[in-house]
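In what follows, a single structure is set out as structure tokens and then discussed.
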Amino acid sequence: MDPGPSSASADPSPPEEEEEEEEERDSSTGSTWVVVPGSEVLGADAPKVVGWEELQQELARLWSLSAALAAARDRKAGLAARLESALEARKAVLQQDNELAEMRQRLQSHADFMGELRMQTKEVSANVEDRREQLCVKIRTLTVADKTVGAAQSKLQEPCKLLSGERGHGRLKGLERMLRMRQQYMIGQVAQIYPVRPLNEQSPIVKPGLNSSITRTGVGEAVSPNGSQNGQTPLAILGLQLSKLSIKKTSYFSDKTEIQKSATLLGYVAHAVSLIASYLDVPLRYPLRLGGSHSYVVDHAPSVDPSIAPGVSSSTPSSTSMRTMEFPLFFEGQETTRSAYAVFLLNKDVEQLLNHIGAESLGPRHVLANLKQLTTIVQSEQYISD
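FYI, in our numbering the residues of the sequence shown are 1 to 386.
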């Protein structure tokens with residue numbers, strides 16, 4: 001056996017050389033040959049030595065192995081293509097599954113929302129039914145009330161006709177106007193009998209029993225609770241006024257003429273107040289017991305002992321009385337405090353009459369001014385129109 005050619009053909013290339021892969025196609029068979037480096041060939045370190053006689057057989061075997069390898073490669077490529085298509089299909093299926101899951105989730109959320117909306121709708125429907133029942137009850141109540149009101153209106157029609165007729169409300173207003181006119185006339189007569197005017201407008205007259213004539217007096221001669229100390233002329237009735245001496249102090253040596261004038265003036269005021277109260281049909285809170293210049297004011301309420309001057313502190317408790325007490329409207333022979341309190345109560349009666357006609361008092365120390373305001377308001381046109 002000549003191993004020369006075989007050895008030459010089987011001698012591997014040195015491992016240090018690098019060979020590039022080349023593709024060669026046999027034109028007769030269409031097979032593809034690939035040249036690879038010797039280091040990548042299995043068994044290149046220990047090559048198999050084939051004899052010449054066996055070369056043809058080995059070549060045939062290699063050829064069949066190459067054909068089988070090509071077929072395996074083709075099958076591998078087909079399987080890879082099929083696997084790639086299967087993977088693509090799987091990927092598409094997974095994407096569709098994800099989309100279906102999202103759609104299921106949205107559908108479930110929508111179903112939950114629809115369930116809540118359905119519950120709310122049921123609650124609203126129940127509330128609507130309750131409100132409908134309540135409204136029906138109210139409608140029935142209003143219907144009954146409307147019928148009742150209609151019946152009441154029908155009953156009131158005849159009284160309204162009577163009120164609007166000749167003997168109705170108009171007649172009542174006419175009677176009230178006539179009553180006020182009559183009151184105005186009567187109180188005007190009282191104002192003429194006891195005219196309250198500034199002292200410098202009084203006419204000189206002679207009062208019997210006083211042994212002196214009362215003439216016009218200047219402003220500075222006397223200051224009373226019925227005038228002002230700021231230049232205004234004091235008020236008087238028929239030339240009589242309350243003097244400062246009469247109110248402040250009386251004694252055995254006091255001027256009796258001034259005391260009698262004050263007592264006469266207070267008698268005039270008491271009589272005028274009594275007449276006006278009777279014309280206005282007003283029961284006085286402090287009734288008057290008329291006696292000319294010796295008139296009294298009656299106090300039915302418990303009162304403090306007038307012997308104790310107001311404003312004076314005392315260690316003993318004030319004595320009170322539950323019985324009716326009379327206070328004199330004159331100063332002669334009386335305690336000054338009791339007489340001053342009587343004037344105060346008389347002014348309260350005048351204030352009561354002012355409040356009755358809707359007017360306010362000028363103060364507790366303005367008896368004549370309050371009386372003048374009372375007669376002036378009653379004699380005005382507004383008193384009749386109101």
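In this text, a Cβ means the ideal position worked out from N, Cα and C, and glycines have one as well.
Start and end residues, beta strand (DSSP E) containing residue i
i: ASP299; result: 296-299
i: GLU326; result: 325-328
i: ALA236; result: 235-237
i: VAL343; result: No beta strand (DSSP E) holds VAL343; the alpha helix (DSSP H) holding it covers 336-356.
i: ARG285; result: Note, ARG285: premise wrong, no beta strand (DSSP E); not H, not E.
i: PRO198; result: 196-198
Endpoints, the alpha helix (DSSP H) within which residue i is located
i: ILE276; result: 256-280
i: VAL378; result: 367-378
i: GLN241; result: GLN241 -> no alpha helix (DSSP H), and no H or E assigned at all.
i: SER385; result: 381-385
Nearest-angstrom Cα separation, counted from residue j out to residue i
i: PRO310; j: ALA270; result: Because the pLDDT of PRO310 is 49, which lies under 50, any placement of that residue in the model is unreliable, and the number read from its coordinates should be weighed accordingly. Using only the alpha carbons, I get a separation of about 24 Å.
i: ALA101; j: MET114; result: 19 Å
i: SER39; j: ASP45; result: 8 Å
i: ALA70; j: SER109; result: 58 Å
i: ASN370; j: PRO283; result: 18 Å
i: LEU117; j: GLU133; result: 24 Å
i: LEU79; j: MET119; result: 58 Å
i: ALA191; j: LYS161; result: 42 Å
i: GLU381; j: ARG182; result: 13 Å
i: LEU163; j: ALA151; result: 19 Å
i: GLU129; j: VAL137; result: 12 Å
i: GLN105; j: ALA81; result: 36 Å
i: MET325; j: GLY333; result: 17 Å
i: GLU158; j: THR121; result: 55 Å
i: GLN96; j: ALA86; result: 15 Å
i: LEU142; j: GLN153; result: 16 Å
i: GLU99; j: GLU84; result: 22 Å
i: GLU335; j: ASP281; result: 33 Å
i: ALA89; j: ALA72; result: 25 Å
i: MET103; j: LEU135; result: 46 Å
i: VAL434; j: ALA67; result: Absent from the structure is residue 434, since the part of the chain shown begins at 1 and ends at 386.
i: ASN355; j: PRO195; result: 21 Å
i: ASP146; j: TYR286; result: 53 Å
i: GLU258; j: GLY292; result: 16 Å
i: ASN211; j: THR337; result: Only weak support exists for where ASN211 lies, its pLDDT of 34 falling under 50; the value from the coordinates is given anyway. So the alpha carbons of these two residues sit roughly 29 Å apart.
i: ARG75; j: SER64; result: 16 Å
Whole-angstrom C-beta distance between residue j and residue i, which should lie under 8 Å
i: LEU172; j: LEU368; result: Contact doesn't hold; Cβ gap of about 36 Å is too wide.
i: VAL297; j: PHE327; result: 5 Å
i: ALA263; j: PHE331; result: 7 Å
i: LYS261; j: LEU240; result: 5 Å
i: LEU353; j: ALA272; result: That belief does not hold up - the Cβ atoms of LEU353 and ALA272 are roughly 10 Å apart, past 8 Å.
i: LEU346; j: LEU329; result: 7 Å
i: ILE187; j: TYR279; result: 6 Å
When the options are compared against residue i, the one with the closest alpha-carbon
i: VAL378; options: LEU65, GLN184, LEU107; result: GLN184
i: GLN189; options: SER385, THR375, ILE384; result: THR375
i: SER385; options: LYS138, GLU116, ARG180; result: ARG180
i: TYR383; options: LEU265, ILE357, LEU362; result: ILE357
i: ASP299; options: ALA272, ARG323, GLY150, ASP281; result: ARG323
i: HIS294; options: ASP281, SER274, LEU265, LEU354; result: LEU265
i: ALA359; options: ASN347, ALA272, GLN373, ARG365; result: GLN373
i: HIS366; options: ASN355, GLU381, LYS348, SER380; result: LYS348
i: LEU290; options: SER278, TYR268, VAL144, LEU94; result: TYR268
i: PRO198; options: GLY170, LEU238, ARG182; result: LEU238
i: ASN200; options: THR233, MET178, TYR194; result: THR233
i: ILE193; options: LEU275, SER339, ALA340; result: LEU275
i: ALA340; options: ASN355, LEU242, ALA89; result: LEU242
i: LEU288; options: ARG338, ALA342, ILE259, THR337; result: ALA342
Test: residue i CB closer than 7 Å to a CB of chain D
i: GLY115; result: Among the chains in the structure shown there is no chain D, since it carries only a single protein chain.
Residue i: CB within 6 Å of a non-hydrogen atom of the ligand MN
i: LEU280; result: Ligands in the displayed structure: none, and consequently the ligand MN is not present.
What are the uninterrupted segments assigned as beta strand (DSSP E) that are 3 or more residues long and contained completely in the stretch 96-164, given in chain order?
none
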